[in-house]
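Engineer:
Protein chains in written order, with the numbering used here: chain A, 1 to 337; chain B, 1 to 449.
1. Thinking residue 115 (chain B) and residue 57 (chain B) are a contact (beta carbons under 8 angstroms), I'd like their distance in whole angstroms, please.
2. According to the Cβ coordinates, are residue 405 (chain B) and residue 80 (chain B) closer than 8 angstroms?
3. Does the pairing of the stretch 12-23 of chain A with the stretch 58-77 of chain A give three or more beta-carbon distances under 8 angstroms?
4. What residue range does the beta strand (DSSP E) around residue 145 (chain A) cover?
5. Can you find a C-beta in chain B that's less than 8 angstroms from the C-beta of residue 20 (chain A)?
6. Give me the chain A residues within the contact set of residue 84 (chain B), using Cβ-Cβ distance strictly less than 8 angstroms, ordered along the chain.
7. Is residue 443 (chain B) buried or exposed, if buried means 16 or more other CB atoms sit within 10 Å of its CB?
8. How would you label residue 340 (chain B), buried or exposed, when you count the other beta carbons within 10 angstroms and need 16 or more for buried?
9. According to the Cβ coordinates, are residue 65 (chain B) and residue 104 (chain A) closer than 8 angstroms?
10. So which residues on chain B does residue 85 (chain A) lean against when the C-beta distance must stay under 8 angstroms?
11. Round the Cβ separation of residue 62 (chain A) and residue 6 (chain A) to the nearest angstrom and send it over; I've been treating them as touching at under 8 angstroms.
12. Would you report the Cα separation of residue 420 (chain B) and residue 26 (chain B), rounded to the nearest angstrom?
13. Buried or exposed for residue 338 (chain A), please, with buried defined as at least 16 other CB atoms from any protein chain shown within 10 angstroms of its CB.
14. Okay, do the stretch 118-135 of chain B and the stretch 192-204 of chain B touch, 3+ Cβ pairs below 8 angstroms being the bar?
15. Spatial neighbours of residue 297 (chain B) within its chain, please: CB distance less than 8 angstroms, with the 5 preceding and 5 following residues excluded, ordered by chain position.
16. Counting only beta-carbon separations shorter than 8 angstroms, does residue 126 (chain A) have a partner in chain B?
17. Closest to residue 135 (chain A) by CA distance: which of A:191, A:164, A:121 is it?
18. With distances taken Cα to Cα, identify the nearest neighbour of residue 366 (chain B) among B:6, B:234, B:21.
19. Just how far apart, CA to CA, sit residue 187 (chain A) and residue 180 (chain A)?
20. Give the DSSP-derived three-state secondary structure of residue 444 (chain B) in the structure shown.
21. In the structure shown, what three-state DSSP assignment does residue 124 (chain B) receive?
22. Would you mind working out which of B:408, B:113, B:166 sits nearest residue 326 (chain A), comparing C-alpha positions?
23. List the residues of chain A that residue 104 (chain B) touches, going by C-beta distances under 8 angstroms, in chain order.
24. So what's residue 283 (chain A) in DSSP terms, helix, strand or just coil?
25. Spatial neighbours of residue 305 (chain A) within its chain, please: C-beta separation below 8 angstroms, excluding the five flanking residues on both sides.
26. Inspect the CB distances between the stretch 213-227 of chain B and the stretch 243-253 of chain B and report whether three or more fall short of 8 angstroms.
27. Go ahead and label residue 83 (chain B) buried or exposed: buried means 16 or more other beta carbons lie within 10 angstroms of its beta carbon, across all protein chains shown.
28. Who are the near neighbours of residue 148 (chain B) in its chain, counting only those whose CB is closer than 7 angstroms to its CB and skipping five residues on each side?
29. At a CB-CB cut-off below 8 angstroms, which residues of chain A make contact with residue 396 (chain B)?
30. So residue 156 (chain B) contacts chain A; which residues on that side make the cut at Cβ distance below 9 angstroms?
31. Got a sec: which bits of the stretch 282-310 of chain A sit with their beta carbon under 7 angstroms from any beta carbon on chain B, in order along the chain?
32. Starting from residue 424 (chain B), follow the alpha helix (DSSP H) in both directions and report where the run begins and ends.
33. Once you ignore the five residues that flank residue 445 (chain B) on each side, which residues in its own chain have a CB closer than 7 angstroms to its CB?
34. CB residue 143 (chain B) to CB residue 57 (chain A), shorter than 8 angstroms?
35. Output yes or no for whether 8 angstroms exceeds the beta carbon distance between residue 30 (chain A) and residue 118 (chain A).
36. Quick one: give me the first and last residue of the alpha helix (DSSP H) that residue 2 (chain A) is part of.
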């Protein structure tokens with residue numbers, strides 16, 4: 001396997017990791033706001049805070065890791081995406097900034113305020129929307145290059161069914177992933193009222209998730225045939241994805257094995273996300289940047305892979321410790337520590 | 001229009017970095033102070049020091065949050081605002097950027113653990129132990145990111161073929177000539193600044209309310225640390241000057257208004273430039289620039305005229321350099337004075353004048369960080385990669401960069417204001433004395449708010 005393939009695989013795994021941990025975070029923000037509005041906040045807000053407080057910073061790092069990594073392995077991406085995405089990415093930064101800092105201001109600082117909760121909830125839905133524009137752009141057709149300058153075709157982006165279906169998919173997926181996780185966490189905490197509420201959320205958001213996934217698939221077939229054909233060849237991955245989805249919904253419906261339900265959701269998105277990513281090969285930005293031509297020098301690529309292995313040896317035990325202390329420590333989850 | 005986008009790109013980056021540096025500096029230095037306080041607390045079994053660690057940590061979380069989000073902003077902005085730079089230099093500097101993220105990751109994980117495990121372990125040293133990865137992670141983020149900046153000043157580890165980098169050696173690029181002095185200076189100045197700021201907060205508390213044993217101990221600890229790190233910072237500054245003389249003479253020459261290459265060069269303190277670009281109203285220390293640059297009063301120091309006019313940094317960096325150095329020595333002086341007063345039984349180190357001086361030293365230290373960075377960055381103009389790529393060639397061509405500047409300006413105003421408000425609320429109605437009674441004889445309830 002060439003280093004650039006190792007590179008993109010690693011980065012894709014990290015992006016998947018971000019997808020899961022950020023979904024939990026973003027969705028939780030929205031549910032917290034929704035619960036506040038419907039006067040049910042006493043039921044789930046403590047649960048959410050107990051999980052999120054120790055991990056929100058780690059979530060953020062997953063994202064930083066991905067974009068630093070992609071520019072490192074594929075410097076060409078900086079030129080094209082950097083110039084074209086100045087505006088949408090800047091908005092994403094601002095939303096992330098509002099979210100991260102307001103979270104700290106509210107939780108560690110002052111008494112809770114509805115304005116903060118609103119911004120916290122709203123940014124949770126807007127961030128994925130603005131970040132998912134990068135996915136749309138990667139399909140090609142939204143960038144023009146003139147006189148050595150790259151720009152985004154905003155009109156076409158905003159009128160494209162592809163961009164809207166990707167945005168819709170990202171938002172409903174977030175709510176589904178998050179609700180399933182919170183159901184698992186509530187079941188662990190033996191917090192039955194909270195469990196009842198978040199289980200309803202999970203059941204509710206499962207349908208739009210699968211509908212949005214299908215719509216995106218169809219729209220993509222009209223926009224980028226090559227990608228679509230590649231994805232058809234990987235039909236078994238998407239089949240497995242749907243299979244895990246059905247298992248998750250079944251478990252949620254039967255009200256048991258919430259841990260297994262969440263793992264099924266993780267597997268559902270793992271197969272869909274990798275099927276999508278592998279289908280994209282060999283382009284990072286269709287047709288400007290391919291994985292092989294856009295890659296950095298071999299010496300740097302190998303150094304990055306080495307740094308990556310070294311880093312993981314450090315991170316994995318630390319992450320396991322973090323999860324042991326806060327996710328799998330039943331006493332902590334129940335709020336006794 | 002083209003020039004405008006370059007100027008706006010520079011202003012946007014300067015603003016983001018100028019704002020981020022405040023929180024980044026706190027992020028590097030405060031964990032060390034917290035860890036030292038907690039260690040002394042456990043060692044001496046002194047609740048005062050333990051409470052000190054707790055209260056510092058509580059304020060620290062707020063600044064970490066702002067540091068994280070502004071750090072994310074600058075990380076993305078590197079590619080958004082300087083796409084041409086990243087396309088070329090990404091080949092050479094992505095290793096340290098990547099490693100910086102790992103260090104940050106490591107720090108983030110253990111920060112979460114440290115914050116939520118007060119009183120969770122029977123052996124108090126276990127909790128203290130979790131502060132070490134935070135110090136290490138924070139320190140190493142600073143080290144790695146500083147190597148990137150050092151590379152931009154003294155690039156090496158590649159060859160140029162047809163305008164692109166080839167034969168890349170990532171380690172050689174990281175370990176470039178500017179790295180050792182920069183890393184040393186960045187770390188020591190972050191530690192001295194944090195010690196000075198914590199001392200300043202204590203001094204203000206004593207001036208506003210009253211003095212307790214808690215405050216006395218806090219002041220003694222932070223002032224001792226200020227003194228130690230101020231000494232090390234001065235040493236690092238001296239190394240940096242010698243490095244500049246050898247490797248980046250135009251930066252030092254611009255800072256010192258040293259135009260002609262000469263032996264026994266004078267050090268110029270303060271003053272301003274008249275219409276003929278001659279220093280006026282300055283204090284001259286004969287031969288001291290030669291001494292600063294090469295450790296010898298008669299050594300030759302390269303003047304600015306040795307460089308082409310369009311490769312010379314702006315002359316106003318002199319003010320930044322002077323302000324940084326002056327504040328550095330002022331910090332050392334204030335800390336020394338305090339320690340001397342404390343040593344002498346007859347004198348009172350807590351007199352009002354002394355406390356006011358200490359209260360002043362904190363904000364001054366942070367200003368010195370800003371001045372120092374402005375000097376370092378403006379001192380390598382017009383280059384973004386010295387000798388290879390100018391700032392103009394590297395900036396984005398997107399016309400929206402002006403809009404983004406104002407958007408981020410608004411963001412930083414909001415973040416800065418809320419940060420101050422939150423920190424004030426956190427401590428104003430919660431004096432240390434009350435908390436001490438609440439936490440410590442009973443010593444049961446945790447601190448996980």
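Backbone N, C-alpha and C define an ideal beta-carbon position, used for all residues, glycine too. Note that the coordinates shown come from a computational prediction; the quantities given were computed from them, not determined experimentally.
Structural biologist: Per the coordinate set shown:
1. Locating residue 115 (chain B) in the second chain gives position 115, counting from the first residue. Locating residue 57 (chain B) in the second chain gives position 57, counting from the first residue. That pair is a contact at about 7 angstroms.
2. The sequence position of residue 405 (chain B) within the second chain is 405, counting from 1. The sequence position of residue 80 (chain B) within the second chain is 80, counting from 1. No.
3. Contact between the stretch 12-23 of chain A and the stretch 58-77 of chain A is established, with three or more Cβ pairs separated by less than 8 angstroms.
4. Position 145 of the first chain, counted from the first residue, corresponds to residue 145 (chain A). 143-146 is the span of the beta strand (DSSP E), which, as asked, contains residue 145 (chain A).
5. Stepping through the first chain from its first residue, residue 20 (chain A) is reached at position 20. Not closer than 8 angstroms to any Cβ of chain B, the Cβ of residue 20 (chain A) fails to qualify, so no.
6. Within the second chain, numbered from 1, the residue matching residue 84 (chain B) stands at position 84. Contact of residue 84 (chain B) with chain A by beta-carbon distance below 8 angstroms involves 79.
7. In the second chain, the residue the question calls residue 443 (chain B) occupies position 443. Any reading at residue 443 (chain B) is ruled out, since the residue's pLDDT is 38, under 50, leaving its predicted position unreliable.
8. Taking the first residue of the second chain as 1, we reach residue 340 (chain B) at position 340. Exposed: under 16 other Cβ atoms inside 10 Å.
9. By 1-based counting over the second chain, the position of residue 65 (chain B) is 65. By 1-based counting over the first chain, the position of residue 104 (chain A) is 104. Note that the C-beta distance between residue 65 (chain B) and residue 104 (chain A) is below 8 angstroms.
10. For the purposes of this step, residue 85 (chain A) is taken as residue 85 along the first chain, with counting starting at 1. In chain order: 80.
11. In the first chain, counting from the first residue as 1, residue 62 (chain A) sits at position 62. In the first chain, counting from the first residue as 1, residue 6 (chain A) sits at position 6. Not confirmed; about 19 angstroms, so no contact.
12. On the second chain, position 420 is the one that residue 420 (chain B) refers to. On the second chain, position 26 is the one that residue 26 (chain B) refers to. Cα to Cα, residue 420 (chain B) sits roughly 14 angstroms from residue 26 (chain B).
13. No answer is possible for residue 338 (chain A): the residues shown for chain A start at 1 and end at 337.
14. With a cut-off of 8 angstroms, the stretch 192-204 of chain B and the stretch 118-135 of chain B do not count as touching, because too few Cβ pairs lie within range.
15. Numbered from its first residue, the second chain carries residue 297 (chain B) at position 297. Answer for residue 297 (chain B): 264, 287, 288, 290, 291, listed in chain order.
16. Position 126 of the first chain, counted from the start, is the residue given in the question as residue 126 (chain A). No, its Cβ sits nowhere closer than 8 angstroms to a Cβ of chain B.
17. What you label residue 135 (chain A) is simply residue 135 of the first chain in a count that begins at 1. Of the candidates A:191, A:164, A:121, the one whose C-alpha sits nearest the C-alpha of residue 135 (chain A) is A:164.
18. Along the second chain, one-based indexing puts residue 366 (chain B) at 366. Closest option to residue 366 (chain B), Cα to Cα, is B:21.
19. As a working note, residue 187 (chain A) is residue 187 in the first chain. As a working note, residue 180 (chain A) is residue 180 in the first chain. Cα to Cα, the separation comes out at about 11 angstroms.
20. Along the second chain, one-based indexing puts residue 444 (chain B) at 444. At residue 444 (chain B) the pLDDT is 36, less than 50, meaning the model places this residue with poor confidence and gives no usable figure here.
21. The residue given as residue 124 (chain B) occupies position 124 in the second chain. Helix.
22. Stepping through the first chain from its first residue, residue 326 (chain A) is reached at position 326. Of the candidates B:408, B:113, B:166, the one whose C-alpha sits nearest the C-alpha of residue 326 (chain A) is B:113.
23. Counting from one through the second chain, the residue named residue 104 (chain B) turns up at place 104. In chain order: 61, 64.
24. Numbered from 1 along the first chain, position 283 holds the residue referred to as residue 283 (chain A). Under the three-state reduction of DSSP output, residue 283 (chain A) falls in the strand class.
25. Translated into the one-based positions of the first chain, residue 305 (chain A) becomes position 305. Taking residue 305 (chain A) as the centre and dropping the five residues before and after it, the same chain places the C-beta of 3, 6, 7, 10 closer than 8 angstroms to its C-beta, in chain order.
26. no
27. Indexing the second chain from 1 puts residue 83 (chain B) at position 83. Around the C-beta of residue 83 (chain B), 16 or more other C-beta atoms lie within 10 Å, and the residue is accordingly described as buried.
28. Taking the second chain and counting its residues from 1, the one referred to as residue 148 (chain B) is at position 148. Result list for residue 148 (chain B): 93, 96, 97, in chain order.
29. On the second chain, residue 396 (chain B) is found 396 positions in, with the first residue counted as 1. 82, 83, 86, listed in chain order.
30. One-based indexing of the second chain puts residue 156 (chain B) at position 156. Result: empty, since nearest Cβ-Cβ is about 14 angstroms, beyond 9 angstroms.
31. 296, 297, 299, 300, 303, 304, 307
32. As a working note, residue 424 (chain B) is residue 424 in the second chain. Here the alpha helix (DSSP H) through residue 424 (chain B) covers 401-428.
33. Mapped onto the second chain, residue 445 (chain B) falls at position 445. Below a pLDDT of 50, predicted positions are generally treated as unreliable, and residue 445 (chain B), at 37, falls in that range; no measurement from the model is reported.
34. If you number the second chain from 1, residue 143 (chain B) lands on position 143. If you number the first chain from 1, residue 57 (chain A) lands on position 57. No, these two residues do not count as a Cβ contact at 8 angstroms.
35. Start at 1 with the first residue of the first chain, and residue 30 (chain A) comes out as number 30. Start at 1 with the first residue of the first chain, and residue 118 (chain A) comes out as number 118. Contact flag unset, no.
36. Counting from one through the first chain, the residue named residue 2 (chain A) turns up at place 2. Where residue 2 (chain A) is concerned, there is no enclosing alpha helix (DSSP H), given that its DSSP letter is neither H nor E.
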